[in-house]
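Working notes, structure below.
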Amino acid sequence: MSAAIFNLSGHVAVVTGGNAGLGLAMAKGLVKAGAKVAIWGRNAEKNEAAVAELEALGGEAAAFVCDVTDDASTQASFADTLARFGTVDSFFANAGGSGVRGPFHKMSRADWAATTDLNVQSVITSFQCAIGHWLEVKKPGSLVVTSSIAGLIGIPMATGYSTTKAAVAGLVRGLAIEYGRAGIRANAILPGFIETEMSLDTPQHFQDSARRRAASGEIGRLEDMEGIAVFLAGKESRFMTGQCIILDGGHTIFPM
5 MSAAIFNLSG HVAVVTGGNA GLGLAMAKGL VKAGAKVAIW GRNAEKNEAA VAELEALGGE
65 AAAFVCDVTD DASTQASFAD TLARFGTVDS FFANAGGSGV RGPFHKMSRA DWAATTDLNV
125 QSVITSFQCA IGHWLEVKKP GSLVVTSSIA GLIGIPMATG YSTTKAAVAG LVRGLAIEYG
185 RAGIRANAIL PGFIETEMSL DTPQHFQDSA RRRAASGEIG RLEDMEGIAV FLAGKESRFM
245 TGQCIILDGG HTIFPM
């Protein structure tokens with residue numbers, strides 16, 4: 005009998021920003037499939053609460069206090085993760101945020117730097133840690149970044165967010181080509197409007213519009229992130245790399 009598909013037994017995944025929202029949702033999917041999960045987040049209390057949720061699902065998880073906008077913190081957390089689990093098989097760069105909002109023509113260089121540091125440079129440093137490890141031990145790995153459909157359709161008054169989410173989509177394409185021969189894959193998930201603390205902190209008319217423009221007539225639920233995380237972490241996606249996977253209920257294809 006062939007091995008069961010979507011079985012991540014023995015797999016170790018890192019999820020940055022994994023203590024809430026989309027990150028925790030992906031972590032739940034990963035542990036349900038049998039993976040061990042390292043949660044990276046800035047808030048120790050939220051980290052431990054997330055670990056408790058994952059353990060309640062029967063999974064093995066550990067949390068590491070990490071600020072991914074700080075290179076030293078990122079590198080230390082990667083080392084601590086290896087010390088705890090012995091290896092890393094997939095890396096989900098999910099931490100990020102809306103960044104500085106406001107009229108484009110009034111955004112300063114410092115505003116742009118802060119948003120870029122949060123949504124792009126943090127991914128670069130995290131991925132450098134993972135790639136360096138995989139090349140050193142000569143093993144394959146899967147890189148996944150949480151982008152957004154904002155990188156495709158844009159959001160007024162949030163050009164920094166749209167720009168940086170488009171940037172990481174370009175990043176995975178370059179990494180896929182550069183490291184593909186080493187067995188390292190890189191893909192991006194582009195969620196649409198999914199019910200998170202951040203997305204629900206938006207005007208009601210914006211939420212209503214997202215629901216109206218979805219081909220499904222719905223906005224996403226957190227559990228919608230689980231399956232795609234398991235797929236991208238595991239062997240079932242071994243031939244998929246450099247791709248931007250849109251998970252938006254048909255929002256981006258809906259006619260005006």
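Take any residue in the sequence shown, count from 1 to its spot, add 4: that is its number in this note's numbering.
Backbone N, C-alpha and C fix where the C-beta goes; we use that ideal spot for every residue, glycine too.
Linking GLU182 to HIS209 through their CA atoms gives a straight-line distance of about 43 Å.
Between VAL69 and GLU222, the alpha-carbon positions lie close to 35 Å from each other. Take the alpha-carbon of ASN11 and the one of PRO160: they are about 41 Å apart.
If you draw a straight line from the Cα of LYS239 to the Cα of ILE9, it comes to about 8 Å. If you draw a straight line from the Cα of PRO259 to the Cα of ARG215, it comes to about 13 Å. Within a 10 Å sphere around the beta-carbon of PHE235 sit 16 or more other beta-carbons, which makes this residue buried. Distance from the CA of THR256 to the CA of ALA218, rounded to the nearest whole angstrom, comes to 8 Å.
The Cβ neighbour count for ILE157, taken over all protein chains shown within 10 Å, is under 16; the residue is labelled exposed.
As computed with DSSP, VAL124 is found in no beta bridge at all. Annotation for ASN47: ASN23 place their beta carbon closer than 7 Å to its own, counting only its chain and skipping 5 residues before and after.
Of the other Cβ atoms in all chains shown, fewer than 16 fall within 10 Å of the Cβ of PHE243; this residue is therefore exposed.
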